[in-house]
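Asker: One structure follows; several queries about it will come next.
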Amino acid sequence: MALYTLKKEERLRKRKEFQAVFQEGVKIYGKHFIVYLRKNDREIRRIGIAVSRKVGRAVKRNRIKRLVREFFRLNKDLFPSGTDVVIVGKKEMPHLTYWDVWDELTETLKSATPLIEKETLPIKHGIFEHR
């Protein structure tokens with residue numbers, strides 16, 4: 001059962017962590033999502049989810065976040081180990097189901113595989129300072 005949990009250390013939570021992935025990561029476009037990938041100095045995968053207010057009200061944004069979080073929780077093996085991943089919801093989102101999210105993110109991550117195998121992802125240098 002522990003395999004399918006989403007642990008605290010598997011999440012990006014600080015603004016600096018998100019900014020580092022946005023600035024130094026590789027960007028991959030999907031139909032409804034943009035996926036940013038960046039190597040980290042850990043062996044675990046970490047995910048961050050961002051959905052713009054342009055997508056809709058909080059109810060819709062939170063639903064999209066829940067769907068993406070559930071996809072990550074159940075499909076961790078699709079995400080490259082030792083990377084930080086930020087998934088951003090675009091503004092043109094119709095009513096998505098879990099399977100719509102699954103189809104799109106699976107395809108997007110498959111297109112990222114060559115980048116990961118060639119190790120062209122930026123590597124994280126240094127440690128975030130606490131302010």
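Everything in the sequence shown is counted per our numbering, starting at 1 for the first residue and increasing by one. We treat Cβ as the ideally placed atom computed from N, Cα and C, and that holds for glycine. Everything numeric in this text was worked out from a predicted model, so none of it was measured.
1) My understanding is that Arg-38 touches Phe-79, with C-beta atoms under 8 Å, so please give their C-beta distance in whole angstroms.
2) Can you tell me whether Glu-51 is buried or exposed? The criterion is at least 16 other CB atoms within 10 Å of its CB, across all chains shown.
3) Apart from the five residues on each side of it in sequence, which residues of its chain come closer than 8 Å, Cβ to Cβ, to Trp-102?
4) If you drop the 5 nearest sequence neighbours on each side, which residues of the same chain put their C-beta closer than 6 Å to that of Gly-25?
5) Helix, strand or coil for Leu-6? Go by DSSP, reduced to three states.
6) Kindly identify the DSSP beta-bridge partner or partners of Phe-33.
Answerer: Taking the structure as given:
1) With a Cβ gap of about 12 Å, Arg-38 and Phe-79 do not count as contacting.
2) Before going further, note that residue 51 is Val rather than Glu in the sequence given. Classification of Val-51: buried, given that the 10 Å Cβ count is 16 or more.
3) If you ignore the 5 residues before and after Trp-102, its C-beta comes within less than 8 Å of the C-beta of Phe-71, Asn-75, all in its own chain and listed in chain order.
4) These residues qualify, in order along the chain: Tyr-36, Leu-37, Arg-38.
5) Looking at Leu-6 - three-state DSSP - the assignment turns out to be coil, as it is neither helix nor strand.
6) Beta-bridge partners of Phe-33 (DSSP): Gly-89.
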